[in-house]
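Novice: Got a structure for you, questions after.
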Amino acid sequence: SFWSTTARVYDTSFTGCLGESSGGGLRASFGSVYMENASFLGCSTNGMNGGGGMRVVYAIYASLVGVSFKSCSSKSNGGGLSVLLSTYNLSSCSFVDCV
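Numbering-wise (this note's numbering), the sequence shown opens with residue 1264 and increments by one.
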């Protein structure tokens, strides 16, 4: 989880991660995130804020390129990815078996 900063994530895998409130693999708030060629496999959240793989909320900007979400789940919304009140760009991303 990061807050009010810029994160750059490249060629990284998040596997079997659990977020109690949101963002099973990663949660970004009030900053910017640039992510390329990353994967989220079997990540989940039990919270009501969603984003089994990743949660982006109030971000200045989020760019996800070539990011895959597989078998991620959320008890509420965004099994793979949840984005709220943020400017974002998704390119060549995949979502497989996310609920």
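Yeah, the Cβ is synthetic: ideal placement off N, Cα and C, and Gly gets one too. Remember, predicted model here, so these are calculated numbers, not experimental data.
Under a Cβ-count criterion, where at least 16 other Cβ atoms within 10 Å of its own Cβ denotes burial, should residue 1382 be classed as buried or exposed?
Specialist: For the chain, the structure presents residues 1264 to 1362; residue 1382 sits outside this window and is missing.
Novice: Looking at residue 1306 and residue 1288, is the spacing between their C-beta atoms short of 8 Å?
Specialist: Taking the first residue of the sequence shown as 1, we reach residue 1288 at position 25. Taking the first residue of the sequence shown as 1, we reach residue 1306 at position 43. In this structure, residue 1306 lies closer than 8 Å to residue 1288 by Cβ.
Novice: Excluding five sequence neighbours on each side, which residues of the same chain lie with their C-beta closer than 6 Å to the C-beta of residue 1302?
Specialist: On the sequence shown, position 39 is the one that residue 1302 refers to. Closer than 6 Å at Cβ, skipping near neighbours: 1276 and 1331.
Novice: Using the DSSP secondary-structure output, state which residues sit across from residue 1298 in a beta bridge.
Specialist: In the sequence shown, residue 1298 corresponds to position 35, counting from 1. Beta-bridge pairing links residue 1298 to 1272 and 1327.
Novice: For residue 1309, which residues in the same chain have their Cβ closer than 7 Å to its Cβ, ignoring the five residues on either side in sequence?
Specialist: On the sequence shown, residue 1309 is found 46 positions in, with the first residue counted as 1. Hits under 7 Å: 1283 and 1338.
Novice: Per DSSP, which residues does residue 1319 bridge with? Please list them.
Specialist: Here residue 1319 is taken as the residue at index 56 of the sequence shown, counted from 1. Paired residue(s): 1291 and 1346.
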